[in-house]
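**Student:** In the working numbering, the protein residues as written are 25 to 441. Using N, Cα and C, we set each Cβ at its ideal position, and we do this for glycine too. Pasting a structure here, questions to come.
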């Protein structure tokens, strides 16, 4: 018995990514190295299905390449049979061959950029993640983001930098472009001795660098909204391949920027959450205020229910955001199937739903709450497993508005056990 526990402890403490499953792929144990790949605790993986997490088959002598968070791994399986029970051990080995030459290293960096653009939800998040990679690709010392002024279109201002120096410059440096013709999407700017970019050249000098390259991007080719400025400690002119890459990145950043802006506009205008098909956060808050006004004026009782997925980030790390969104959709569908047609369900945030229960007093509130708790306890919401919920419910109180109700619900949240 002691030896079995010793072997199990040794397996779990292994820094190499390894995982033990049954013949169906259900995880029985995982090494520390495997848990680190998904940024979760080992216990969070036990009972999950490896096929669903990694999209691989459970088979003997399997050798397959797969991608985990933008990194490539070779997966090798071994089959064991002990006392008539079949087990599989999967070992993961990181593939480093792509980084062995400058050209292949560039491919990896571009792959990472594309991966980031799929995973981030806002453009500021994209910039913060991408700009350090751009510095690595071109060997730049730092990078800054400049945005066009909405009131004075010939002026740009500094909003972000990969080092802290941008904070000292953003309020003291005026960036003006004297010749708008040369500032278009797909036309990178090389800051050298020419006078047409005098204000940008001045920024490079004040920042303590010798030369700079500018990647313009925006909604339209002839009206650039933003500039990515790369700084170099020496006089650098891009070669033909680097120039072509700057052109590509100008269009690429423009597409990501447009995607994020369109998404922001869509979410602001949309009355339904795209994934769960429940009401959007903006609309559910407005509906809460309408219910509060009706309760105040006409004495109409109502209650509000909140359901939150407590391990949302862990599930995202294990299954990925796309599969997790399918689970959120299934949660919403189950809620709507078990509530009255008059009840109003909305998605308050990535990990939480709010349900408005009109004409519900304290007695009715308890009945609804218990029914929802039973659904959450016994329900299955594929493809994710081991979804952990918390829930709360409250009645309208005099003087309430949407902000007060949501704050009270968050304070009342308790785990659904």
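For residue 37, which residues of its own chain have a beta-carbon under 8 Å away from its beta-carbon, when the five flanking residues on both sides are left out?
**Tutor:** 55, 56
**Student:** Entirely within the segment 227 to 270 and at least 3 residues each: give me those beta strand (DSSP E) ranges in chain order.
**Tutor:** 235 to 241, 250 to 256
**Student:** Just the C-alpha distance for residue 215 and residue 92, rounded to the nearest angstrom, thanks.
**Tutor:** 39 Å
**Student:** Return yes when the Cβ of residue 167 is within less than 8 Å of the Cβ of residue 277, no when it is not.
**Tutor:** Not in contact: residue 277 and residue 167 (Cβ atoms no closer than 8 Å).
**Student:** Who are the Cβ neighbours of residue 337 in its own chain at under 6 Å, not counting the five residues just before and after it?
**Tutor:** none
**Student:** Given a threshold of 16 other Cβ atoms within 10 Å of its Cβ, counted over all protein chains shown, does residue 314 qualify as buried or as exposed?
**Tutor:** exposed
**Student:** Going by beta carbon distance, what residues of the same chain come within less than 8 Å of residue 70, once the five residues before and after it are set aside?
**Tutor:** Correct list, in chain order: 51, 52, 53, 54.
**Student:** What is the DSSP secondary structure of residue 334, reduced to helix, strand or coil?
**Tutor:** coil
**Student:** Are the CB atoms of residue 418 and residue 370 nearer to each other than 8 Å?
**Tutor:** no
**Student:** Under DSSP, the beta strand (DSSP E) around residue 369 begins and ends at which residues?
**Tutor:** 368 to 373
**Student:** Between residue 25 and residue 158, what straight-line distance do the alpha-carbon atoms span, to the nearest angstrom?
**Tutor:** The predicted position of residue 25 is uncertain, since its pLDDT is 48 and thus under 50; no value can be drawn from it.
**Student:** Inspect the CB distances between the segment 304 to 314 and the segment 364 to 384 and report whether three or more fall short of 8 Å.
**Tutor:** With a cut-off of 8 Å, the segment 364 to 384 and the segment 304 to 314 count as touching, because enough Cβ pairs lie within range.
**Student:** If you run the structure through DSSP and keep just helix, strand and coil, what is residue 148?
**Tutor:** helix
**Student:** Taking contact to mean 3 or more Cβ pairs, one atom from each stretch, closer than 8 Å, check whether the segment 401 to 414 and the segment 336 to 355 are in contact.
**Tutor:** yes
**Student:** Quick one: is residue 146 buried, meaning 16 or more other Cβ sit within 10 Å of its Cβ, or exposed?
**Tutor:** exposed
**Student:** Mind checking residue 322: buried by the 16 CB within 10 Å criterion, or exposed?
**Tutor:** It is exposed - the Cβ of residue 322 has fewer than 16 other Cβ atoms within 10 Å.
**Student:** In angstroms, rounded to a whole number, what distance separates the CA positions of residue 330 and residue 151?
**Tutor:** Taking the straight line from one Cα to the other gives about 33 Å.
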